[in-house]
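Going down the list, the sequences are from chains A and B. Going letter by letter, the first sequence gives residues 24 to 619 in my numbering. Going letter by letter, the second sequence gives residues 120 to 250 in my numbering. We treat Cβ as the ideally placed atom computed from N, Cα and C, and that holds for glycine.
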Amino acid sequence: MAKKNFILVCGGTGCESAKGDEIYRNLIKEAELQGVKDDVQIVKTGCFGFCEQGPIVKVLPTDSFYVQVKPADAKEIIAEQVIKGREVQRLLYKKDKKAQDNVKVQDIEFYQKQFRIVLRNCGVINPENIEEYIARDGYMALEKCLFELKPQQIIDIMKASGLRGRGGAGFPTGLKWETAAKVKSDVKYIVCNADEGDPGAYMDRSTIEGDPHSILEAMMIAGRAVGSNKGYIYIRAEYPLAIERLKVAIEQAKAMGLMGENILGSDFSFDVEIRLGAGAFVCGEETALLKSIEGNRGMPIPKPPFPAIKGLWGKPTIINNVETLANIPVIITKGAEWFASIGTEKSKGTKVFALTGKINNSGLIEVPMGTTLREIIFDIGGGIRGGKKFKGVQTGGPSGGIIVEKDLDTPISYESLVALGSMMGSGGMIVMDEDDCVVDVSKFYMEFCVDESCGKCAPCRIGTNQMHAILDKISKGKGEEADLDRLERIGKAMTKASLCMLGGSAANPTMGTLRHFRDEYLEHIRDHKCRAGKCKDLVVYSIDPEKCIGCGLCARKCPVPCITGEKKQPHVIDALRCIKCGECFKACKFGAVLVR
Amino acid sequence: MARMTLDELRAFRDAKRQDLARRDVEGKDIQIVVGMGTCGIAAGAKLTFDALVESIQKRGLENKVLVRQTGCMGLCYVEPTVEVIAPGMPTVIYGKMTKDAADELVQKHLVEGKLLDNHIFDRPAADIVKK
Chain A
24 MAKKNFILVC
34 GGTGCESAKG
44 DEIYRNLIKE
54 AELQGVKDDV
64 QIVKTGCFGF
74 CEQGPIVKVL
84 PTDSFYVQVK
94 PADAKEIIAE
104 QVIKGREVQR
114 LLYKKDKKAQ
124 DNVKVQDIEF
134 YQKQFRIVLR
144 NCGVINPENI
154 EEYIARDGYM
164 ALEKCLFELK
174 PQQIIDIMKA
184 SGLRGRGGAG
194 FPTGLKWETA
204 AKVKSDVKYI
214 VCNADEGDPG
224 AYMDRSTIEG
234 DPHSILEAMM
244 IAGRAVGSNK
254 GYIYIRAEYP
264 LAIERLKVAI
274 EQAKAMGLMG
284 ENILGSDFSF
294 DVEIRLGAGA
304 FVCGEETALL
314 KSIEGNRGMP
324 IPKPPFPAIK
334 GLWGKPTIIN
344 NVETLANIPV
354 IITKGAEWFA
364 SIGTEKSKGT
374 KVFALTGKIN
384 NSGLIEVPMG
394 TTLREIIFDI
404 GGGIRGGKKF
414 KGVQTGGPSG
424 GIIVEKDLDT
434 PISYESLVAL
444 GSMMGSGGMI
454 VMDEDDCVVD
464 VSKFYMEFCV
474 DESCGKCAPC
484 RIGTNQMHAI
494 LDKISKGKGE
504 EADLDRLERI
514 GKAMTKASLC
524 MLGGSAANPT
534 MGTLRHFRDE
544 YLEHIRDHKC
554 RAGKCKDLVV
564 YSIDPEKCIG
574 CGLCARKCPV
584 PCITGEKKQP
594 HVIDALRCIK
604 CGECFKACKF
614 GAVLVR
Chain B
120 MARMTLDELR
130 AFRDAKRQDL
140 ARRDVEGKDI
150 QIVVGMGTCG
160 IAAGAKLTFD
170 ALVESIQKRG
180 LENKVLVRQT
190 GCMGLCYVEP
200 TVEVIAPGMP
210 TVIYGKMTKD
220 AADELVQKHL
230 VEGKLLDNHI
240 FDRPAADIVK
250 K
C-alpha cells in the first residue's frame, strides 16, 4: 500500500537529547495503536539545522514544520495529520510566540539564505538506510569514478572545482590528491579527520549523523584517485551516535558490494576502518592524528615531509576533513564548473557553520562563500537574544579571533577572515553580546589551550601557561599596564615558534580582543572594573533601597543565601558571603539590584 | 542484500528514486488531493490513493505531481472525492473516484489536459463563500 504521509523526526544529537528518540518511538506506537501504520512512514533523519527550535518533526508531502515537539504530541500528530489530514496548528513554526500566522518552510528566514551541498541529505533521508542515500543519487559519483573517469581525470575535476580544505587551513584538495597520487608506493592511505574539537562546533558530527554514506563514498573516490585501498575515519569517542551510524553505513555498503573487494565488479577494492580518538584537541592536527592512529601518543611532528608524501606508517596519506569529503560526490556528479560557480573568486562552494552563543536561532547552517557575517547573524540567526547589543563574533574557536561590528559586512572567505585577524577554522561561530567580557572570553580560550597543549614544544607549553596567568591576573584586578605588552610579546613568539597550529593560533583570541577592546582591558587594570559583570573578583552586587519594594524574589533565588530583609522593606546583600552568581540581578523586576 | 553489479545498482537506484520522490515537495506544481474523511475511506479512498500513486509512477510523473490526503471535502454523497490542482487547468473536484477511475484521471487530466466529464462535481461552497 502506498504511504500517504511521511514523518521525518530529527535524529541529530541535539534533538535526541531533547527526547527526539522518544517522539520517534511514540509516533510508531501511536500509528500502530490508531491502526494507520501502513499509511505513514516514520523516519528518523539527520539534523535539520534549526536546533534552536528542536526537537523538529517534519511531515511530508504537506511540508508541515513542527517545532519544539514533545513526546506526548505524537498522539495528536497521528490522529490529526495521518487520519484526518489536518495540520496540528499549535505545533507549526511561528515567527514569534504572539504571532498567529504559521510560516511556511520556504518562508522561514532561517532557511532562506542557506544553500545546502554538504547538508543536502541531512533532514531528508534516514541515515541508517543505504537505500534512501542511493535514491538521492548516492554512489553515483563512485560509479562515474570507477567506470568512466581515469584517476588523473578525477584529480583534474577536483582541481578545477577549487574545493579547499574545510578543516580550517583551506589547502586546495585537488593539489593534495595530486601530490599523493604522484608518489610511488605499494600502500597509500585515505584518512577522514572527524576529530572535531572546537568548543561550540558540531558541523562534522551532524554531517556524519545525517549522511554517513557521503563520507564513505568520498573516501573511496579519493582512494581511486590516488591509488589507495585503505581508509581510516578518525573520530572522537564522544560522538557515539555518529560512530554508530558510520558502523551501520559501512556494514550496509559492504553487504551491497559498494565497499570491499572488487567494488561493483570493478578492479577497485577499498576498505574503511573506524579509529576512535580520546578527545584530545591536538589530535585534530593532522600529524598528531596520524600518530594517534598508529597507536602512539598524539603529538605533532614537524612538516615537511607532508603526510601526502610521508604520512601514516611512513606511507603517502591523504587527510581530508568530514565537510571537505561531503562535498566531493556532488562535485563529481554535477561537475567542477557547477561547483566553481558558487562562492567567491578564491573560496568556492559553501561553508557549514555551527551558530551558537547569544543568538536567537542557534543551529547548523550552510551558506555560499561570500555571504556576509551580518546576513548570517542577523538574517539567518535572527539577531541577538533579548534585544541586547552585538559585541563580536568568534570564528574558528580557540584558534580564531573576534570579529566586531564594523567588519560584519565582509563577505566570508578564507582570505577575508584571515585579514580580519581571525580564520575560517572548522566553522564554529560563537556570538557575543554586551554581557560578555573580552578578558573573560580570552581567558576561557587560553585555559582551553593550556589544557589541550600536548607539551612537546616550549613556545606552546610555556606560552599558553604564561598568557593564561596574565589574563587571570587582569581578570582579578591585579594586572598592570605593562601586562598588555607582555601578552602581545608572548603571543607573537608563540605564533611564530610553535610546532603546530594549536600553539600557532592559540594567541589569536587574546590578540584580537586586545586589538579591538584594549579600553576594556585597561578598565580592568586601572579602574578594577568589568563592565559586563563577568569577572567575579571585580563585581560587587548591591541593592538600591530606593528602588527595592521588598518583594523577596531575589532572596528566594539566592543560592547562598545571603540576601536578607523584611517583607515590603528594602533588602540587603551580604557582600562578604555573596558568590556573585548574578541570579538576583536577573530575578529583580524593578532594576533594584546594582552591579558595579 | 547481495553484492551488486553496476547495472543492478543503477536499476535499484531508479526504483528507489520513485519512492523517495514522493516525499519531495519542491518543483511539484500539480497537486492531487484525496479526500480521506471517514466517508471517503469507507467508499474506498485508500484504494484510490494507491491506484493514483501507481498510475503516476507508471507514467514517470512522480517528480511533477504531489499526491496528498485531506479531510472530508463535504461532498459525502459522491465519495471518494479527489481534487486536482494543475497549472493551465481549472481546479476541479472529481467525485465517485473509485480505484478504477484513477488511471483514467491521470491519463486524461494530467497527460491529455482534458477533464473527465462524468466525474466533475465542481468546487465546494467554501471556495465561493471566501470570495
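Segment contact: the region 70-80 of chain A against the region 383-402 of chain A, three or more CB-CB distances shorter than 8 angstroms; contact assigned. For B/K218, no chain A residue has a C-beta closer than 8 angstroms to its own C-beta; the minimum C-beta separation is roughly 12 angstroms.
The region 95-112 of chain A and the region 138-157 of chain A do not touch, with fewer than three beta-carbon pairs separated by less than 8 angstroms. Against chain B, the beta carbon of A/A164 has no neighbour under 7 angstroms; the closest one sits roughly 12 angstroms away. Here A/N344 is bridged, per DSSP, to A/N216. The CB of A/L576 never comes closer than 8 angstroms to any CB in chain B; the least such distance is about 48 angstroms. Here A/D567 is exposed: its Cβ has fewer than 16 other Cβ atoms, across all protein chains shown, within 10 Å.
Under the 8 angstroms criterion on CB atoms, B/G179 is classed as non-interfacial with respect to chain A. For A/D430, same chain residues with a beta-carbon under 6 angstroms away, outside a window of 5 residues either side, are L443 in chain order. A Cβ-Cβ separation of about 16 angstroms leaves A/K270 out of contact with A/N149 under the 8 angstroms criterion.
In this structure A/A331 is not in contact with A/I324, their Cβ atoms being roughly 14 angstroms apart against a cut-off of 8 angstroms. A/N319 is classed as exposed because its beta carbon has fewer than 16 other beta carbons within 10 Å across all chains shown.
For A/S229, the uninterrupted alpha helix (DSSP H) segment begins and ends at 226-233. An exposed status is given to A/F170, since fewer than 16 other beta-carbon atoms sit within 10 Å of its beta-carbon. Straight across, the Cα-Cα distance linking A/Q135 with A/T347 is about 23 angstroms. Closer than 7 angstroms at the C-beta level to chain B, one finds these residues of the region 265-298 of chain A: A278, M279, G280, L287, G288.
Counting along the chain, the unbroken alpha helix (DSSP H) around A/F608 starts and ends at 606-610. Contacts between A/E154 and chain B, judged by CB atoms closer than 7 angstroms, involve K135 in chain order. In this structure, A/V214 is the residue among A/A377, A/T379, A/V214 with its C-alpha nearest to the C-alpha of A/I297. Close to chain A, meaning a Cβ-Cβ distance shorter than 9 angstroms, is no residue of the region 193-207 of chain B at all. C-alpha of B/C191 to C-alpha of B/Q150: approximately 17 angstroms in a straight line. Take A/T310, set aside five residues on each side of it, and the residues of its chain with a beta-carbon closer than 6 angstroms to its own are P323, I324, in chain order. Within the region 192-239 of chain B, the runs of alpha helix (DSSP H) that reach at least 4 residues and sit entirely inside it are, in chain order, 218-224. Burial of A/F540 is indicated by the presence of at least 16 other C-beta atoms within 10 angstroms of its C-beta. In the three-state DSSP reduction, A/I426 falls in the strand class (E or B). In summary, B/T167 is buried, with 16 or more beta-carbon neighbours lying within 10 Å of its beta-carbon over all protein chains present. Here A/V63 is buried. Its C-beta has 16 or more other C-beta atoms within 10 Å. Fully contained in the region 79-144 of chain A are the following alpha helix (DSSP H) runs of length 4 or more, in chain order: 132-135. Within the same chain, K60, V63, I101 come within 6 angstroms of A/A54 by CB-CB distance, once the 5 residues on both sides are set aside. Neighbourhood of B/T124 in chain A, by CB distance below 7 angstroms: L287, G288, in chain order.
Distances from the CA of A/G486 to each of A/V461, A/K466, A/I497, A/G526 were compared; the closest alpha carbon is that of A/G526. Per the coordinates, the alpha-carbon of A/G37 lies some 53 angstroms from the alpha-carbon of B/D236. Contact between A/I65 and A/I79 does not hold, since the beta-carbon distance rounds to 14 angstroms and is not under 8 angstroms. When C-alpha distances from A/A555 are compared across A/V618, A/K591, A/L599, A/S521, the shortest belongs to A/V618. In the structure shown, A/F29 falls within a strand segment according to DSSP collapsed to helix, strand and coil. DSSP, read as helix, strand or coil, puts A/Y564 in strand.
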